[in-house]
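Data block below; observations after.
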Ligand SMILES: Cc1cc2nc3c(=O)[nH]c(=O)nc-3n(C[C@H](O)[C@H](O)[C@H](O)COP(=O)(O)OP(=O)(O)OC[C@H]3O[C@@H](n4cnc5c(N)ncnc54)[C@H](O)[C@@H]3O)c2cc1C
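What follows is the structure, given as structure tokens:
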């Protein structure tokens, strides 16, 4: 699949591999509920949230059996070349043509980064062993990756990742559209013309979001934080305000020409469906 700017926006949905049979059953229900959005692909995380390599493989193959365009994430930190090669061959054998290639994060206390230190090396390796078989997405950080030595260096490293053979990118979530456009403009100035799709995080629980944002370096603007804090345990107000600001963010991104939206669903359908309903995404599919 080739994504180009100036084409209709591409919508995609991200899940994590469930760890229990109950989680598997729930994920199937969630995917069925979200199918009306007709996403371009359904991505499945790798090694995040305590998930395992087998969890990603099983989830992706299960989706594929259900006729969905499943796209595995592949993170390389701590792995050997043989292990990564094995996974790539496995996906090729199952006719999977799209990957999200990542470095990942070493679990605390682990020192050996394995054969690949950065995602750019993984992208180059995938191209070396599988040519053009895969469409490769990589991660982008409009608000700067937490370990970057500087914002400028982060953008240069991002460009290297694209130059190594990535086709497009998906961003870390953000609530400040200016950060995204500034990042896109800086990449364009460096000659990166591939689509950089905004990652969208619907707001389910503010305390969870705040904790996670701290870790991954996503900023929650003060005005959003203060309002959310004032709602306390009033979950209905958190939900209503979260829906308003995330829908507004998506609408403004699309209006200004973002190449698509990638929703971090956290294996839930309700908020993503409601945001898409308000944006008119999937309307035609429901009607027809
Ligand atoms: C869309 C998306 C999906 C994700 N999915 C997953 C997932 O499924 N599983 C998971 O575990 N994690 C996932 N993550 C999180 C990701 O693994 C972490 O953010 C990780 O810390 C960085 O991964 P990366 O691929 O961006 O790394 P890289 O692109 O390698 O960058 C990591 C850091 O190293 C710096 N850097 C890059 N190259 C060099 C170099 N040569 N020398 C010095 N510094 C360098 C960069 O500036 C950056 O600070 C995802 C993130 C996003 C945005």
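Residue numbers (my numbering): 16 to 303.
Even for Gly, the Cβ is constructed at its ideal location relative to N, Cα and C.
> Which runs of the alpha helix (DSSP H) spanning at least 4 residues fall entirely within the segment 164 to 232, listed in chain order?
Replying inline: 166 to 178, 192 to 204 and 221 to 231
> Do you know offhand how far residue 161's Cα is from residue 152's?
Replying inline: Within the chain shown, the letter at position 146 stands for residue 161. Within the chain shown, the letter at position 137 stands for residue 152. C-alpha separation (whole angstroms): 20 Å.
>> DSSP has residue 279 in a bridge; who is on the other side?
In response: If you number the chain shown from 1, residue 279 lands on position 264. Paired residue(s): 29.
>> In this structure, how does DSSP classify residue 121 when only helix, strand and coil are distinguished?
In response: Taking the first residue of the chain shown as 1, we reach residue 121 at position 106. Note: residue 121 maps to coil in three-state DSSP.
> Under 8 Å, do residue 135 and residue 204 count as touching if we go by C-beta distance?
Replying inline: Sequence index remark: in the chain shown, residue 135 carries index 120 (1-based). Sequence index remark: in the chain shown, residue 204 carries index 189 (1-based). In this structure, residue 204 does not lie closer than 8 Å to residue 135 by Cβ.
> Among 159, 112, 259 and 155, which has the Cα closest to the Cα of residue 145?
Replying inline: By one-based count along the chain shown, residue 145 stands at place 130. Checked all of 159, 112, 259 and 155; the closest Cα to residue 145 is 112.
>> Contact between the segment 233 to 251 and the segment 263 to 271 is defined here as three or more beta-carbon pairs at a separation below 8 Å; is this criterion met?
In response: By the Cβ rule, the segment 233 to 251 does not count as touching the segment 263 to 271, because fewer than three pairs are nearer than 8 Å.
>> Can you find the residues in the same chain that come closer than 7 Å, C-beta to C-beta, to residue 192, ignoring five residues on each side of it along the sequence?
In response: For this step, residue 192 is matched to residue 177 along the chain shown. The beta carbon of residue 192 lies closer than 7 Å to those of 264, 267 and 268 in the same chain, with the five residues before and after it left out.
>> My output table needs one value for residue 128: the three-state DSSP class, helix, strand or coil.
In response: The count along the chain shown starts at 1 and reaches residue 128 at position 113. Three-state DSSP puts residue 128 in coil, outside helix and strand.
> How far does the alpha helix (DSSP H) with residue 67 in it reach, from first residue to last?
Replying inline: If you number the chain shown from 1, residue 67 lands on position 52. For residue 67, no alpha helix (DSSP H) run applies, since DSSP gives it neither H nor E.
> Got a sec? Which residues, its chain only, sit under 6 Å from residue 293 by beta carbon, not counting five neighbours each side?
Replying inline: Numbered from 1 along the chain shown, position 278 holds the residue referred to as residue 293. 262.
>> Using C-beta distances below 7 Å, list every residue in its chain close to residue 39, excluding the 5 sequence neighbours before and after it, in chain order.
In response: Numbered from its first residue, the chain shown carries residue 39 at position 24. For residue 39, where only same-chain residues beyond five positions count, the Cβ hits under 7 Å are 33.
> How many Å lie between residue 137 and residue 49 at the Cα?
Replying inline: The residue you call residue 137 lines up with position 122 of the chain shown. The residue you call residue 49 lines up with position 34 of the chain shown. Residue 137 and residue 49: Cα-Cα distance of roughly 31 Å.
> In this structure, what does DSSP give as the bridge partners for residue 114?
Replying inline: The residue labelled residue 114 in the question sits at position 99 within the chain shown. Partner(s): 151.
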